[in-house]
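Report on the following structure.
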Amino acid sequence: PGTRRCERAAGPERVGASSLGRSWWTAMPRQSRDKLFVRQSEWRDVYGGRRDAATESTRALPIDSCMISQAPFTTPVGTRAGTVFELRNIIPFVKEHRKDPVTGEPLTGKEIFKLRFHRNAEGKFACPVTMQLFGPRTRVVAVAPTGNVYAADALAGAKAAAAAPGGDPVAADLLTGAPYDPRPASEGGDVVVLQDPADKAVSALRSSAALHGGAPGKPGTPAASTGDGAAA
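Numbering (our numbering), first residue to last: 41 to 272.
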């Protein structure tokens, strides 16, 4: 009996302590009640911890990849639409289907031109003028008549000169001196955009190539270099 009286006496005190604790917690400033860790849902939905499968599957191909085999090319060729292929893969495809395998637009062998990539001393693709490496964030362009590939900044001066009032509509290739139209190929010029992370249309083109199942063919190998550093 004595034990029961002690428990009953202690009961209200425990209840009162619990109520006091809740009141103290409620009265605290909000910043003091914030948790000192990131919840799983916050990491997933707010801080980018979760990546949709669709986002992963549409990752753009590297600049040195064939858009058919999705492997590094040996003899790179391109089109004025900005699609890049291994020569051994695109020629049989065009002969059979007569269209661009990425855009679906009509394409003939005469519309395909050779791309000349420059390599730096370390063997990496880079602009032959600015020596900027061709990374995933680099805007890369090609001059269609010569096939020389540059960082877009290298040709910015020629484009500005042509756009100026009374400017010369013809520019000279920075390596060969051959004349070309400095306007974008989309406007009837000779400058083909191969990669531009800021351009949604170009990025979507390279992403669609990443989704392409690939045509039958032997995967390529890294492009060889000629004596001057351009891709063979």
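Glycine included, every Cβ here is placed at the ideal spot set by N, Cα and C.
Distance between beta carbons of residue j and residue i, contact taken as under 8 angstroms
i: Asp221; j: Gly229; result: 4 angstroms
i: Ala225; j: Ala211; result: Not quite, the Cβ-Cβ distance comes to about 14 angstroms (not below 8 angstroms), so this is no contact.
i: Phe174; j: Pro116; result: That pair is no contact at about 12 angstroms.
i: Leu101; j: Ala249; result: 5 angstroms
Rounded straight-line distance, which links the Cα of residue j to that of residue i
i: Leu214; j: Lys164; result: 20 angstroms
i: Glu82; j: Ile103; result: 35 angstroms
i: Ala218; j: Ala196; result: 17 angstroms
i: Gln235; j: Glu162; result: 22 angstroms
i: Tyr190; j: Gln80; result: 45 angstroms
i: Ala200; j: Gly206; result: 11 angstroms
i: Lys150; j: Arg84; result: 50 angstroms
i: Lys139; j: Ala244; result: 19 angstroms
i: Ser247; j: Phe125; result: 15 angstroms
i: Ala241; j: Val142; result: 13 angstroms
i: Gly118; j: Arg179; result: 16 angstroms
i: Asn160; j: Val78; result: 45 angstroms
i: Ser105; j: Pro209; result: 33 angstroms
i: Val183; j: Val231; result: 5 angstroms
i: Pro176; j: Pro237; result: 7 angstroms
i: Ile152; j: His137; result: 15 angstroms
i: Phe113; j: Gly187; result: 15 angstroms
i: Leu120; j: Gln172; result: Note on residue identity: the sequence assigns Arg, not Leu, to residue 120. Their backbone Cα atoms lie some 23 angstroms apart in a straight line.
i: Arg223; j: Thr216; result: 18 angstroms
i: Glu227; j: Pro185; result: 16 angstroms
Short Cβ contact (7 angstroms threshold) for residue i with residue j
i: Ala166; j: Val181; result: no
i: Val233; j: Gly144; result: no
i: Ala203; j: Val169; result: no
i: Leu147; j: Val134; result: yes
Chain D within 7 angstroms of residue i, Cβ atoms only
i: Pro209; result: Going by chain labels, chain D is absent from the structure shown, which holds only one protein chain.
Check: Is the region 128-137 touching the region 102-117, taking contact as three or more C-beta pairs under 8 angstroms?
Finding: yes
Next item on the list: Please list the segments of the alpha helix (DSSP H) lying wholly inside the region 81-162, counting only runs of 4 or more residues, in order along the chain.
Entry: 93-97 and 127-137
Margin query: Ignoring anything shorter than 4 residues, give me the alpha helix (DSSP H) runs that lie fully in the region 178-222, in order along the chain.
Written below: 196-203
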